[in-house]
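Peer 1: Chains as they are written, first to last, in this note's numbering: chain X, 1071 to 1160; chain W, 4 to 343. Ideal Cβ placement from N, Cα and C applies to all residues, glycine included. Just dropping this structure here.
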């Protein structure tokens, strides 16, 4: 099992509320700025995109990498973070 | 306002096309650039404008207001020239390039929305259309909020819009200004009739008109509230006008006994007013207190009698040896039993 980072655990442990997009595991400050510039300034907006893509890991990662230049590991962490959050709260 | 715009670039391509078709202008085949339609519009429709423009001092435009017809004409003349040379984005940016919102890129659309103070979410394929519409609305609202000079154009254009069905901006501005159209129509009549008066006079009148509008609106609301109070004096005044009153239990249903006292109470319950209900609610528990039993009284008495008779019979059957005080009464049944 992949060891989860503190950030991951912190995000998944509670409803995301109005958290910033950088609170999502895998989204560092740089990527967060890029996302915010395009309108994804809150975590729930990124969640929205994730849900629109039918919670598909691969598609979401591809989208994140293609549109915002995320690295594969970033995208993967982000996708799994959102997936786990959905599993817990959705 | 003249029947046709002097600066048709305020319209979207689709609107231009529909306008041209509506006025029997033949369109070039296939999809053309917007400039083409703008040119056609100007050629055919603005030309028709010329005699009409003299009669009307104003024309509606959501960019600039020209009080004189000459000014309008010259601007109308200048505009096509300007538009024709416009192949780059720069001149377009000067006069808000989002005239055709559908042609904006995602980033530009976002920028324009931010200019109006709207912070849009991400503009994607799914959200784009919504933001386009929002921007359109903001554009039309924005210039109107600016000044009152637009109002004379609005009022005089009101009749023309009905004729042509174009210029959504005018219709929107009408709605913005006067939500209660029916009350305002009589006030608009003097404005409409006096389209030939100078602009300054109109402006003053318009300012007064605004003040009057505000006053009358406030008055109307007060009047409405008073009337309602008169009509329903006992009603609890709530924001929605709805107040819940406890439902009376239906007599005769679910085994509840029907009493004459209930029918008496029904008369007083003809109106479910809170204030009246409260004293009655106090009365209710007192009166039927004797009747409010889960099991009716007569059934209880009957049961008691039945149980006592049963016990008596049991006692009889058990106590045969002793001197039975009831023996003389039971002599016959015992004789009968022995016979069997």
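Relative to chain W, which residues along the region 1088-1111 of chain X have a C-beta separation below 7 Å, given in chain order?
Peer 2: 1108, 1109 and 1110
Peer 1: Residues bridged to residue 1112 of chain X by DSSP?
Peer 2: If you number the first chain from 1, residue 1112 of chain X lands on position 42. BP columns for residue 1112 of chain X point to X/1090.
Peer 1: What residue range does the alpha helix (DSSP H) around residue 25 of chain W cover?
Peer 2: Numbered from its first residue, the second chain carries residue 25 of chain W at position 22. Segment 16-25, the alpha helix (DSSP H) holding residue 25 of chain W.
Peer 1: For the alpha helix (DSSP H) that contains residue 1127 of chain X, what are its first and last residues?
Peer 2: Translated into the one-based positions of the first chain, residue 1127 of chain X becomes position 57. That run of the alpha helix (DSSP H) goes 1127-1138.
Peer 1: Counting only beta-carbon atoms, is residue 163 of chain W nearer than 8 Å to chain X?
Peer 2: Translated into positions along the second chain, residue 163 of chain W becomes position 160. Unreliable placement is indicated for residue 163 of chain W, whose pLDDT of 48 sits below 50; no coordinate value is reported for it.
Peer 1: In terms of residue numbering, what span does the alpha helix (DSSP H) encompassing residue 1103 of chain X cover?
Peer 2: As a position in the first chain, residue 1103 of chain X is number 33, starting the count at 1. First-last of the alpha helix (DSSP H) with residue 1103 of chain X: 1099-1107.
Peer 1: Just to confirm my understanding: we take residue 11 of chain W, look at its own chain, exclude 5 residues before and 5 after, and list those with CB closer than 7 Å. What are they?
Peer 2: For this step, residue 11 of chain W is matched to residue 8 along the second chain. Only 19, 41, 44 and 45 meet the Cβ criterion.
Peer 1: Would a check of beta-carbon distances place residue 245 of chain W closer than 8 Å to chain X?
Peer 2: For the purposes of this step, residue 245 of chain W is taken as the residue at position 242 of the second chain. Chain X has no Cβ within less than 8 Å of the Cβ of residue 245 of chain W.
Peer 1: Specify the secondary structure class of residue 121 of chain W as computed by DSSP and reduced to three states.
Peer 2: In the second chain, residue 121 of chain W corresponds to position 118, counting from 1. Coil.
Peer 1: Give the secondary structure of residue 50 of chain W by DSSP, where H, G and I count as helix, E and B as strand, and everything else as coil.
Peer 2: To locate residue 50 of chain W, count along the second chain from 1; it is residue 47. Here residue 50 of chain W sits in helix by DSSP.
Peer 1: Is there a Cβ of chain X sitting closer than 8 Å to that of residue 124 of chain W, yes or no?
Peer 2: By one-based count along the second chain, residue 124 of chain W stands at place 121. Yes - at least one Cβ of chain X is within 8 Å of the one on residue 124 of chain W.
Peer 1: Could you confirm whether any beta carbon from chain W is found closer than 8 Å to the beta carbon of residue 1156 of chain X?
Peer 2: As a position in the first chain, residue 1156 of chain X is number 86, starting the count at 1. Closer than 8 Å: no.
Peer 1: Going by C-alpha to C-alpha distance, which of X/1138, X/1128, X/1085 and X/1125 sits closest to residue 1110 of chain X?
Peer 2: The count along the first chain starts at 1 and reaches residue 1110 of chain X at position 40. For the residues X/1138, X/1128, X/1085 and X/1125, the minimum Cα distance to residue 1110 of chain X belongs to X/1138.
Peer 1: Say whether chain X places a C-beta atom closer than 8 Å to the C-beta of residue 113 of chain W.
Peer 2: Along the second chain, one-based indexing puts residue 113 of chain W at 110. Yes, residue 113 of chain W counts as interfacial toward chain X.
Peer 1: Here's a check: name, in chain order, each residue in its chain whose Cβ is nearer than 6 Å to the Cβ of residue 47 of chain W, leaving out the five neighbours to either side.
Peer 2: By one-based count along the second chain, residue 47 of chain W stands at place 44. Correct list, in chain order: 28.
Peer 1: To the nearest angstrom, how far is the alpha carbon of residue 319 of chain W from that of residue 248 of chain W?
Peer 2: Sequence index remark: in the second chain, residue 319 of chain W carries index 316 (1-based). Sequence index remark: in the second chain, residue 248 of chain W carries index 245 (1-based). If I take the Cα positions, the gap works out to 59 Å.
Peer 1: Please classify residue 1081 of chain X: does DSSP put it in a helix, a strand, or coil?
Peer 2: The residue you call residue 1081 of chain X lines up with position 11 of the first chain. Here residue 1081 of chain X sits in helix by DSSP.
Peer 1: Comparing the C-beta of residue 1122 of chain X with each C-beta of chain W, is any distance below 8 Å?
Peer 2: Stepping through the first chain from its first residue, residue 1122 of chain X is reached at position 52. Yes - at least one Cβ of chain W is within 8 Å of the one on residue 1122 of chain X.
Peer 1: Whole angstroms are fine: how far does the CA of residue 246 of chain W sit from the CA of residue 301 of chain W?
Peer 2: One-based indexing of the second chain puts residue 301 of chain W at position 298. One-based indexing of the second chain puts residue 246 of chain W at position 243. Computed Cα separation, rounded: 40 Å.
Peer 1: So, using beta-carbon positions, are residue 112 of chain W and residue 147 of chain W closer together than 8 Å?
Peer 2: Walking along the second chain from the start, residue 112 of chain W turns up at place 109. Walking along the second chain from the start, residue 147 of chain W turns up at place 144. The answer is no: Cβ separation not under 8 Å.
Peer 1: Taking 8 Å as the threshold (C-beta atoms), are residue 1082 of chain X and residue 1113 of chain X in contact?
Peer 2: The residue you call residue 1113 of chain X lines up with position 43 of the first chain. The residue you call residue 1082 of chain X lines up with position 12 of the first chain. Against a cut-off of 8 Å, the Cβ pair of residue 1082 of chain X and residue 1113 of chain X comes out as no contact.
Peer 1: Okay, do the region 137-146 of chain W and the region 1117-1126 of chain X touch, 3+ Cβ pairs below 8 Å being the bar?
Peer 2: no
Peer 1: Quick check: is the beta carbon of residue 129 of chain W nearer than 8 Å to any beta carbon in chain X?
Peer 2: Along the second chain, read from residue 1 onward, the residue named residue 129 of chain W stands at position 126. Closer than 8 Å: yes.
Peer 1: Can you list, in chain order, the residues of its chain with a C-beta nearer than 8 Å to that of residue 1129 of chain X? Leave out the 5 residues immediately preceding and following it.
Peer 2: Residue 1129 of chain X sits at position 59 when you count from the first residue of the first chain. Within the same chain, residue 1129 of chain X has close Cβ partners 1123.
Peer 1: Should residue 307 of chain W be labelled buried (16 or more other beta-carbon atoms within 10 Å of its own) or exposed?
Peer 2: To locate residue 307 of chain W, count along the second chain from 1; it is residue 304. Exposed is the call here.
Peer 1: Output the distance between the C-alpha atoms of residue 17 of chain W and residue 215 of chain W, rounded to the nearest integer angstrom.
Peer 2: Position 14 of the second chain holds residue 17 of chain W. Position 212 of the second chain holds residue 215 of chain W. Near 39 Å, if we compare the C-alpha coordinates of residue 215 of chain W and residue 17 of chain W.
Peer 1: Whole angstroms is fine: what's the gap from residue 321 of chain W's alpha carbon to residue 314 of chain W's?
Peer 2: In the second chain, residue 321 of chain W corresponds to position 318, counting from 1. In the second chain, residue 314 of chain W corresponds to position 311, counting from 1. Rounded to the nearest whole angstrom, the CA to CA distance from residue 321 of chain W to residue 314 of chain W is 11 Å.
Peer 1: Between residue 312 of chain W and residue 250 of chain W, what straight-line distance do the alpha-carbon atoms span, to the nearest angstrom?
Peer 2: If you number the second chain from 1, residue 312 of chain W lands on position 309. If you number the second chain from 1, residue 250 of chain W lands on position 247. C-alpha separation (whole angstroms): 44 Å.
Peer 1: So residue 302 of chain W is in the alpha helix (DSSP H); what residue range does that whole segment cover?
Peer 2: Indexing the second chain from 1 puts residue 302 of chain W at position 299. Residues 300-321.
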